[in-house]
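This report refers to the structure that appears directly beneath it.
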């Protein structure tokens, strides 16, 4: 039974080598994709609902491979500051005051922002991860929630066990859009023994580990001093990559690190906006791609971005590495679009679930309206999406078969209420500085 | 007589030191700004029309300091290619086939794109500049049109005289939104003698010169070999800066060049999107700003960007120099917003006309709607505009006192016709490759 047919669209399946379907049909059966292909070969179907996508392009829902969603509440709260001052004087003291209610509404706000911008799945690491999970369930987005396990806390092992309980319970409940992970924060905040415990749990539960790796030059220098090897090499040594791992950033990686990351199939979340804004540096993305590493795109949190816009991240990934390497052929548009869809899904271990339009996968779909002055004429659809399109060009966002956002409106969420609640939480959190 | 009052808005005048007006009023009298300030001090006025800008921020119209507008027709036509191959195999052969009709509709398309994105003024250099001028008049935007004077053409001096005639005639006609310039393309395409002639005409007519300077490393190397000095130093030597000059790019400039640019008050159009995409390099923007140079933001043409979105350029200017200099305090948001407004206007010699909200200046105004998930909460309005806002957040664009775009619609232009005509011209131009 076809619950939804999308017709008359240009379709980009993002399946390797599949090219562009000029007049395509996508059929959805429940939460799953049925037929994808040329209209004239589509099976007859008496679809419950039809979307006429004439003048639009249909592509897999975008996947945000790394964020801290509820940091929307701190959007623009502290910019243009040195990193340590930013963390110590602004971010950390504010995070200490966070409540579960704050995280829920901050995550709801972020989920709506992402759904408006065609993002159907996000990978999160944050405090009060149950609240983020609830926000994902309520907003209709797909999520990979994890906590922020900080090894220096006196109760770190308890926190790990709580996280493991959360993963077990979530897997038992089997929510079709929730894919829990374990989130040890970073090698410089977690001792090796704790990371090794996390690996054991991750393997036992068959869930990935979400961690920050090699974000700053300082982190690499400290690792060399402490362990005589880079963060990546050290993680290889202690067995982290025995688990499926999503490593956020990987900015400061050398040729040996790149070889390890590619060989071990480590998922990498490239966050160009955050790397630029925090002055972390330029990831050697062209080398990583050449080595066959699995690289997805992420926004990082709103305190260092300051939005959750994967179209911006696509533009940045597509152009800053050309500028930095002085090679205008570096990181072509096709590779960038893969990083926002299929490769981001693979980086999260969700390659069988989402990231392409293929029969049998979950129906996570973004429809982009091309009938706008800044998207015409269309000479090359992939170039258009990467270099010219914006989040606001999204006409429809479908997650797990449900139309969540369509033509400017959410189908099941009161957007005005979410914005108002998030404003209220932000005002409480930072002491009345936030304006309406 | 107040023709239009904007009320209940947060107002950023962009006047040095003026700060944020939390509940402001802007009065417009014909094509001129009357009152700007706090609501409780506004003179009583029986305005013909009132815009309630509650929940919005009102700021000066954005100024695009460098583009080649009709290149919208080549958007996405040739990407991810080495520069010479891109020019020789794709751009130049296509430009040879351009007609006046092509340029008109390409420029119309670009004008609508910019007006939708809050841009009220643009500085253009392109073939068939009369067509671009006509498109500016018809679309309602403010323009600084100039030709592309290529000194190696056999009739270069005739072309210069034609350009001079165009400037004279345009000045005589006195259209309130058209500010013509002279456009010698670059030092490497124009002999010194032709540039010196252009300077004489520019001084005589009291119009600025629009030129490309120091865009690539190769250009600097060639100049050093030919003249024993950098392009900037050589332009100083031959007297170019005796005229008011807008120099696009200025990527490869050393400390001596920066001193010259600042001392001579040369307007600089920084085009970070184009510089990254074409792999031209990183402008030393932090140094230029420190030296007091007048730097505006530009998009460059759509073949190297691939849109005309000053919000994207703001984001890029605000973050890539942090990444490149490894200093997260480099190029703060306030400086970026100045580069898109007041400093861009100054760079074009239009500082008395546009770029700030002040009584007596022309009413070029952009109203941004903040009531969106990605623009809430608001902790810092300037951060929000530079790091989080997008072109689509523009609710209203006013040029020379006229509401040109409001709530998704153009008041006097048939947008669908413009898009259709531009599609048709693009199809003819590149041989049927363009899709609808």
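Chains as they are written, first to last, in my numbering: chain A, 7 to 442; chain B, 7 to 442. Backbone N, C-alpha and C fix where the C-beta goes; we use that ideal spot for every residue, glycine too.
For residue 74 (chain B), the three-state secondary structure derived from DSSP is coil. For residue 84 (chain B), the closest C-alpha among the options A:257, A:285, A:393, A:160 is that of A:393. Its Cα nearest to that of residue 351 (chain B), the residue B:21 stands out among B:21, B:15, B:178. Taking 8 Å as the cut-off, the Cβ atoms of residue 176 (chain A) and residue 130 (chain A) do not count as close.
Given a length threshold of 3 residues, each whole run of the beta strand (DSSP E) inside the segment 302 to 386 of chain B is given here in chain order: 371 to 375. Interface criterion met: the Cβ of residue 287 (chain B) is under 8 Å from a Cβ in chain A. Using a 10 angstroms sphere on the CB of residue 365 (chain A), the tally of other CB atoms stays under 16, which defines it as exposed. Within the segment 76 to 139 of chain B, the runs of beta strand (DSSP E) at least 3 residues long that lie entirely inside it are, in chain order, 125 to 130. Residue 366 (chain A) does not reach chain B, its nearest Cβ partner there being about 29 Å away, counting only Cβ pairs nearer than 8 Å.
Residue-level contact by beta carbon fails for residue 411 (chain B) and chain A, as no gap is shorter than 8 Å. With its beta carbon less than 8 Å from one in chain A, residue 86 (chain B) belongs to the interface.
Chain order gives no chain A residues near residue 200 (chain B), where near means a beta carbon separation below 9 Å; the closest approach is about 30 Å. With distances taken between CA atoms, residue 390 (chain B) lies nearest to B:376 out of B:9, B:376, B:109.
The shortest CA-to-CA distance from residue 194 (chain A) to any of A:227, A:208, A:164, A:178 is the one to A:227. For residue 212 (chain B), the three-state secondary structure derived from DSSP is coil. The three-state secondary structure of residue 255 (chain B), taken from DSSP, is strand. According to the DSSP assignment, residue 279 (chain B) belongs to the alpha helix (DSSP H) that extends over 278 to 283.
Leaving aside the five residues that flank residue 283 (chain A) on each side, the residues in its chain whose CB is nearer than 7 Å to its CB run, in chain order, 310, 311. Sequence-distant Cβ neighbours of residue 127 (chain B) in its own chain, meaning closer than 6 Å and more than five residues away, are 69, 148, 360.
Taking a beta-carbon distance threshold of 8 Å, residue 146 (chain B) does not count as an interface residue toward chain A.
If you look at residue 15 (chain B), you'll find it in the beta strand (DSSP E) that goes 10 to 18. Contact between residue 276 (chain A) and residue 345 (chain A) holds: their C-beta atoms lie close to 7 Å from each other, under 8 Å. Nearest in C-alpha terms to residue 340 (chain B), of all of A:117, A:240, A:332, A:82, is A:82. Taking 8 Å as the upper bound on Cβ-Cβ separation, chain B lies near residues 279, 281, 282, 283 of the segment 249 to 283 of chain A.
Taking the C-beta atoms as reference points, residue 203 (chain B) is found no nearer than 8 Å to residue 249 (chain B). Taking CB atoms only, residue 167 (chain A) has no neighbour in chain B less than 8 Å away.
Shown here, residue 418 (chain A) sits in coil according to DSSP, grouped into three states, outside any helix or strand. Within 7 Å of the CB of residue 296 (chain A), no CB atom of chain B is found; the nearest one sits about 15 Å away. Under the DSSP assignment, residue 149 (chain A) falls in the beta strand (DSSP E) whose first and last residues are 148 to 150.
The beta carbons of residue 404 (chain A) and residue 371 (chain A) sit closer together than 8 Å.
Taken in chain order, the members of the segment 377 to 396 of chain A whose beta-carbon sits within less than 9 Å of a beta-carbon on chain B are 377, 378, 379, 380, 381, 382, 383, 384, 385, 386, 387, 388, 389, 390, 392, 393, 394, 395, 396. Under the Cβ criterion of 8 Å, residue 13 (chain A) is not counted among the residues facing chain B. Rounded to the nearest angstrom, the gap between the Cα atoms of residue 436 (chain B) and residue 198 (chain A) is 59 Å. DSSP, read as helix, strand or coil, puts residue 396 (chain B) in coil.
Taking each of A:186, A:90, A:160, A:100 in turn and checking the Cα distance to residue 171 (chain A), the smallest one comes out for A:186. With contacts defined as CB atoms closer than 8 Å, residue 139 (chain A) and residue 184 (chain A) qualify as a contacting pair.
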